[in-house]
Structures are given as structure tokens and as C-alpha cells.
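Working notes, beginning with the structure itself.
Protein chains: 2
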Amino acid sequence: MKNVAVMGYGTIGSGVVEILERNKETIARKVGDTVSVKYVLDLREFPGTTVEDKIVHDFSIIVKDPEVTMVIETMGGLKPAYPFVKACLEAGKHVATSNKALVAAYGTELLKIAKEHNVNFLFEASVGGGIPVIRPLYTCLAGEEIEEITGILNGTTNYILTKMEKAGETFETALREAQDLGYAERNPEADVEGHDTCRKIAILTAMASGHEVNFEHIYTEGITKITDVDFAYAESLGTSIKLLGSSRMEKGAAHAFVAPVMIGRDHPLYSVSDVYNGILVKGNMLGTSMFYGSGAGKLPTASAVIADIIEALKNEDQHVDFGWDDQGLAISSMESMSFRYFVRIKGIAAKRMKEVEEVFGKVEGIELDHMDEFAFLTEVMTEEEYDRKAKELSGIRQRIRAEF
Amino acid sequence: MKNVAVMGYGTIGSGVVEILERNKETIARKVGDTVSVKYVLDLREFPGTTVEDKIVHDFSIIVKDPEVTMVIETMGGLKPAYPFVKACLEAGKHVATSNKALVAAYGTELLKIAKEHNVNFLFEASVGGGIPVIRPLYTCLAGEEIEEITGILNGTTNYILTKMEKAGETFETALREAQDLGYAERNPEADVEGHDTCRKIAILTAMASGHEVNFEHIYTEGITKITDVDFAYAESLGTSIKLLGSSRMEKGAAHAFVAPVMIGRDHPLYSVSDVYNGILVKGNMLGTSMFYGSGAGKLPTASAVIADIIEALKNEDQHVDFGWDDQGLAISSMESMSFRYFVRIKGIAAKRMKEVEEVFGKVEGIELDHMDEFAFLTEVMTEEEYDRKAKELSGIRQRIRAEF
């Protein structure tokens, strides 16, 4: 029997305990032994539940118990998750976590400690919820040089954008609906400002390049400025607007960003709607692959943790060598990246188009009925070039990067 | 240095040699050692190429060379692939293959021999070309009870159906075009009659259930009877017609079939077009995931073989325990499966609808202009019930299973 401890009995933690029970036989067959939850660390009590007699409030009980060979961290946040996980690894226990903040901030150090202590530090559930992506990157695509990873990595914002697109809702209404359904937090900043997506693309970029990525170096723009008017134009163009985390690898550097991007119908991520996530991976030999599924939710995310538990316990005496080293990967500045731009501008196209084309050269104009504005799509140019040119025009109301 | 031998220097085999060379450093980093091709077994010579001095015509050179620790089988077919692979495993060499016919016919035996000799028999490339699916099933979804696998598993037929749908072509024209582009063989039977898809869904079903699947027990219907008229109706319904291989797992049995199925826009496989493949996996905890990418092609398929090479060589002294046992999984008869049915029938709806509804109960009628026929969609019923009822109506021209 293998004894594990679960730290944090919230949504994901209770999901892990539930799957360990419900899929007990399948899991035992894969591990080669039964897996039993010995402790659940939480500040609360859970009287009348199956974990009632497993609850402990003192972390030292877990870290000092030699019978516990693996710890599952589903507390979230950095304190006390970081010191607890570090202590578990140093005590020679395997750790699986669903905590993207922890992995993005301390992944390099924790991977190193795991290696030194010949244990495993696994984090499939930190990106893409139940979608297998971390493990495919280091197993299935192990022989590839990864050229690009682009994903819809946050279910909350994808739900909001889908509502705005399909039901013509404003950002505020769609956000309130997402909050009422429990998809968005009361304080939605981490999702809608793109911080969550930023940490996830940082982890994926580090996995793909093999080098540490400082998520603070990644340009991050959220969806709070996207309006129902933008979606009206998008509809007339047959396009959609999605919050993308994207990373293009070059030798020793990456272009990485998080921003809403207007994409066309033939983009593999176009049809990823609602709370679903999709992650597109381009390898130099493989071409484009896409992974699609539930990016969040109790059981899908817990299922990804379970896969880590099985891998760690199958390789109990062996360090699974994956992840990244502490050589920092250079993240190129946003100014040097190139896009097309969708721009909305005050006035009437018939009167102002000449002025626009004097600045931007040939553009594609788009007009909707009954508006005191029009829009245009530029050719591809660098962010630096766009910013410089945009200053020459008055009345610009919106610019959204476009790739189609 | 690890020495490998490649058996069969056709499309996939030469792709494997090419990637081993082009991504040499990445692969060496993952394996922890350089990988070198010592022999290439082929009946032909390849003067002036990089493998010129590695070509051997005698299999015994490979099997007897203790320096060769891994063999890659990319010959296809069963003879001599089967005896060669068997001999390699018995000689304690790891084997990776892209050969779905071999895996579907002899997988059970070869997995058993691999285990007995503590080596690995891996076949990621046998299903879905470059799309990672075999490995995710035994790693990422290891803790799941798989409830369903449904896929577009054959690029040739998907290309043909896409051409019929998008360009209004007949089956014959689309097939000829696929042949001209090299997507379809001169003798296209294995693809268009569904035999290729059948072997692939058999392998996936065995992986998901852990038990042997006899592909000959799987009902298999190809696309040769699908016409441009069917697609005209599909368009008016907002649906598509795709060749699906599908398997629904129950305790100790599976409902499995290969057939063209009419699916709606909200089906995750709806937008998988051209030569792309898509594989949808439903787990009891995870919900629905989808894997999408190039289902065929030299480098994508070879890339999947490379992932197997890396896994085998990283675990050189260890048997990776996956696959299935020799307990045959019962495949339920097609008669017991349930679908809706799209049916085309001679005559005029106004005159014959009453007769149709007397037999089938409430149906949804569909009429196109200028036709001497109409169509209808039944409610869900078993195949047995449909067949019985259909006999009561004269002039049925087509029936396609529908799921939407």
C-alpha cells in the first residue's frame, strides 16, 4: 500500500480524494499497488465526511511520517504552499501540484531539489486543467524542436468572450454571469487581466525550451477593454476574438505574449468555446497538433493530478527527468513582435480613409451601419511600427492584434 | 552511443532516419546519449544517400548484433514484419513500429514477448500518425476509466469526404484527386472500405480496456456509398458526414464500429477536415478531451516513432508496462447499437410522408429542390429495429447513421 497526503481540501483536493476512491481499481492496476490517503491537511474540519479522521492541521505530521511517500499540493497560492512543497521534496517525498502560481514562481528551484533528492515534482494539472499537455511535451513530443505553443488557457475569460460573441453581451454582463455560475471569482482580476494565462504560458514555454522563464517578462494584456462593438465587427469579418497565450521559440529566446487576438475560422483555436481550453503545439517535424478539453473544473483537474500520482508512484525509486534548467530564457520585447492590427477610429470612412492610408499604407476598411466610427485592418507590422504610426491619427478607439 | 537498426527504408523509415539526424541534439539530450543508425534493412540499395553504407539485405545481421539494442520496424504488412519483430524482441531488443496491421493482428503476443524479455514494444505511430494518443492513454489518462473513444482516424477518407463536402465533388472525382496528390493508394480499398480505421479503433479499444480486441469482430462500413447528394442534404441540415471509428466501453465489453456518421456542428470532430485526424476520448472523471493533428505524412508519423525510440532508450533496462492482456474483449453486435438514421427515399414527401411515419413514427422530413426523392431523420433506435422497419418501405436509396 502506498500512503499519500493531500494538502488543501478545496475543490481540487477533494476531487483528488474522490477519484482515488472511485477509480481505485484502475489506479491500483496502473501503480501496481493500492493508493491510500493517510492525511488531509486543512485548517477546517470535515465532520461526517470520508476524510473526517484523516484531517490534520499540523504540516509537520506529514513531513515527518516516513510512511508518506508522496504529497499532493492543492492549496494554491505561494504561502505556505512553497515552503511546504520544498520541505516535502527535501524529505524525499514525491510531490504533485495543481498550483500554477507555485510552478511559475519556484518551478526551477523545486525541480532542482527534486532531482537532488531523487524524487519527482510533477505539475500536469497546473496548465490546461484536465487536458494532457505537460506530459505530452516531454514524452510524445520529446524528439521535436518545439517552434510554437499557442493556447486558450483560461476557461473563465473564454466563457466571457464566448458569451459576448454568441449572445451579444457586454463584458460587464458576461462577467457577472460567469461569476453567478461560479466560473469567475468575485475578484476576477487574475483571470480577466491575463495573469493566469501568463503563468501558464510561462510554464509551457519553459517546458518547450528547457530553460527557466520569468513570467514577469511576458507582455500581458487582458480582455477588459474588449467590447460588444468589437464582436460586431468580428462577426462581419467572420472572425473571433480569443485571449491567447503564445510563445514562438527561437535559438535561446522566445517571443511570448498574452493578449486578445482576432483569429479567423481556419485557425484551429477558432472553435474552442465556453470554458474549454485548447492548446496548439507546432513541432519542427510534427507540424501542428492540438489538445482540447476541459481547462478547469474539479474532476478534470483532479484527473490530471491523478496521472501525476500514478507516474510518481510507478517510478518511486527513480527521478523522472523533465522540466527545465536555471538558465533564463530571454523573452523578446513586445515592440519587436509582428501582427496585423484591427483598429476602430472615430469618423466616417469616406472622409477619413485617405488620411488612414497615408499613415498605414493599404488597409482593409470595415463599416457597420449606424456608427460614428469605422474600422480597418492593417498589413503585418511590428508593434513598434504600429505604435509610432497610430500616434499620427486622432480618434483611435480600439486596436486588437489580428492573425488571419 | 546507442545503436539502432531501421527495417524498411520507405516513407516512414527514411523519415525516422532524417529526424534522428536533424534533431540529433534534442534527442541526445532526452535519451542521455547519442542515437546512431547502424543498419538499414531494405531490399533496395540507396547509392549516394547518407544510408548507402548502412544498407543490409540480411535480417540476421541485425538480430545477431549485440550492439543493436533497438529496432525500428517501418516495413508495413505482416510478412516478414511479424517474424522479424518477434525475433528482435526474443533477442532482447526493443522494438518501435508504425505498423497498425502488425499491432492489430499480433499485438497481444508481441506485448507478452516484450514483457517476458524485459524490453519494450511500442507503437505510438500506428494510430493517428503524429498525433500523440497511445501514450496519453497509458500515462495522462492512466487513472481514468475510459468510456468512449471516437476518432477520424484515416486521412485519405477524410480528405475525400472534405472535397465532396466543400467542392461538391462526387466520390469518384474526389478519390481520383486524392490519388493524384498521393494521399490515396492506387488500390484504395484499405482506406475507403474502412479497414485501416478498423485496425486503428481496435488498437485504441484494446489500449483503453486493457484487453485484446479482435478487429475482425468490429462492424466496418466504408465511404464508397456516400454521394454528393448526401452532402447536399447534409449542407441543408448544417451537418457533416465523417468516417468514424468508435468504441463505447462497458464492463467487459465494447460497442465498436466503423461507419460514416452524420454529425452536427457542435460535435468536436465536426471541424476536423482534409487529411487531419482527430481523436476524442471520454473519461469518467476527465470528461471529453480531443487530440488533433496530422494523421499521416512522412515526418509527423516518423516523429511519433522517434518519441517511442526515446522512451525505449531512456528505459533501456526496464519494461514499460502498458498495453493489454490476452483476455478477449467482447465486441457487441452492431444490431444492438442505437443511432438516429438519415434516410433518403424515392417519391414526394407530400405523398409518402404518412407511409413513412406509419413505419417509423415521428420523423423530421428534409426536401431539396428538383429531386425525385426526399429524406427523413428518425428518432434514436437500435440497428435491429431500423433494419426491420426499413424493410417495410420501398424505394429507400440511402441510410446513414446520425448522431446530433
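So the protein sequences, as listed, match chains A and B.
Under the numbering used here, think of the first position of the first sequence as 634, with each following residue one higher.
Under the numbering used here, think of the first position of the second sequence as 634, with each following residue one higher.
Here a beta-carbon is modelled for each residue, glycine too, at the ideal position from N, C-alpha and C.
Just so we're clear, the structure is a prediction, and the values are computed from it rather than from any experiment.
Residue burial classification, residue i (beta-carbon count within 10 angstroms, cutoff 16)
| i | result |
| --- | --- |
| residue 821 of chain A | buried |
| residue 1013 of chain A | exposed |
| residue 811 of chain B | buried |
| residue 699 of chain A | exposed |
| residue 680 of chain B | exposed |
| residue 936 of chain B | buried |
| residue 922 of chain B | buried |
| residue 623 of chain A | As shown, chain A starts at 634 and ends at 1037. That puts residue 623 of chain A outside it, with no answer to give. |
| residue 727 of chain A | buried |
| residue 800 of chain B | exposed |
| residue 931 of chain A | buried |
| residue 643 of chain B | exposed |
| residue 741 of chain A | buried |
Rounded separation between residue i and residue j - CA only
| i | j | result |
| --- | --- | --- |
| residue 885 of chain B | residue 986 of chain B | 42 Å |
| residue 646 of chain B | residue 706 of chain B | 8 Å |
| residue 842 of chain A | residue 641 of chain B | 33 Å |
| residue 776 of chain B | residue 793 of chain B | 37 Å |
| residue 808 of chain B | residue 817 of chain B | 7 Å |
| residue 839 of chain A | residue 676 of chain B | 44 Å |
| residue 903 of chain A | residue 896 of chain A | 7 Å |
| residue 864 of chain B | residue 879 of chain B | 22 Å |
| residue 875 of chain A | residue 909 of chain A | 12 Å |
| residue 996 of chain B | residue 1011 of chain B | 5 Å |
| residue 773 of chain A | residue 715 of chain B | 25 Å |
| residue 638 of chain A | residue 654 of chain A | 14 Å |
| residue 802 of chain A | residue 907 of chain A | 14 Å |
| residue 872 of chain A | residue 756 of chain A | 34 Å |
| residue 832 of chain B | residue 850 of chain B | 11 Å |
| residue 933 of chain A | residue 660 of chain A | 16 Å |
| residue 819 of chain B | residue 983 of chain B | 45 Å |
| residue 1026 of chain A | residue 939 of chain B | 53 Å |
| residue 828 of chain A | residue 694 of chain B | 58 Å |
| residue 789 of chain B | residue 718 of chain B | 28 Å |
| residue 981 of chain B | residue 1030 of chain B | 14 Å |
| residue 1067 of chain B | residue 999 of chain B | Since the displayed chain B opens at 634 and closes at 1037, residue 1067 of chain B lies outside it and no answer follows. |
| residue 692 of chain A | residue 949 of chain B | 39 Å |
| residue 1015 of chain B | residue 860 of chain B | 24 Å |
| residue 823 of chain A | residue 830 of chain A | 9 Å |
| residue 721 of chain B | residue 754 of chain B | 10 Å |
Whole-Å CB distance - residue i paired with residue j, under 8 Å assumed
| i | j | result |
| --- | --- | --- |
| residue 920 of chain B | residue 927 of chain A | 5 Å |
| residue 729 of chain B | residue 912 of chain B | 20 Å between Cβ atoms; not a contact. |
| residue 634 of chain B | residue 667 of chain B | 5 Å |
| residue 891 of chain B | residue 834 of chain B | 6 Å |
| residue 929 of chain A | residue 762 of chain A | 5 Å |
| residue 979 of chain A | residue 1028 of chain A | 3 Å |
| residue 746 of chain B | residue 924 of chain B | Between residue 924 of chain B and residue 746 of chain B the Cβ distance is about 29 Å, and since that is not below 8 Å, they are no contact. |
| residue 1008 of chain B | residue 975 of chain B | 6 Å |
| residue 958 of chain B | residue 844 of chain B | 6 Å |
Proximity below 9 Å, CB of residue i to CB of residue j
| i | j | result |
| --- | --- | --- |
| residue 893 of chain A | residue 868 of chain A | no |
| residue 977 of chain B | residue 866 of chain B | yes |
| residue 862 of chain A | residue 1004 of chain A | yes |
| residue 759 of chain B | residue 732 of chain B | yes |
| residue 1036 of chain A | residue 881 of chain A | no |
| residue 581 of chain A | residue 961 of chain A | Within the shown structure, residues of chain A are numbered from 634 to 1037, placing residue 581 of chain A beyond reach of any answer. |
| residue 836 of chain B | residue 737 of chain B | yes |
| residue 752 of chain A | residue 952 of chain A | yes |
| residue 656 of chain B | residue 778 of chain A | yes |
| residue 857 of chain A | residue 825 of chain A | yes |
| residue 743 of chain A | residue 735 of chain A | yes |
| residue 672 of chain A | residue 650 of chain A | no |
| residue 748 of chain B | residue 724 of chain B | no |
| residue 956 of chain A | residue 739 of chain A | no |
| residue 914 of chain A | residue 769 of chain A | yes |
Any residues in the stretch 930-943 of chain A with a beta carbon nearer than 8 Å to a beta carbon of chain B? Which ones, in chain order? The residues in question are 930, 932, 933, 935, 936, 937, 939, 940, 942, 943.
For the stretch 865-898 of chain A, which residues have a CB atom closer than 8 Å to at least one CB atom of chain B, in sequence order? Interface annotation for the stretch 865-898 of chain A against chain B: empty, criterion Cβ-Cβ distance under 8 Å.
According to a CB-to-CB cut-off of less than 7 Å, which residues of the stretch 638-663 of chain B neighbour chain A? Of all residues in the stretch 638-663 of chain B, only 652, 656, 659, 660, 663 place a beta-carbon less than 7 Å from a beta-carbon of chain A.
Any C-beta of chain A within less than 9 Å: which residues of the stretch 825-844 of chain B qualify? Taking 9 Å as the Cβ-Cβ cut-off against chain A, the residues of the stretch 825-844 of chain B that qualify are 843.
Please list, in chain order, the residues of the stretch 913-931 of chain A that have any C-beta partner in chain B closer than 8 Å. Residues 916, 917, 918, 919, 920, 921, 922, 923, 924, 925, 926, 927, 930.
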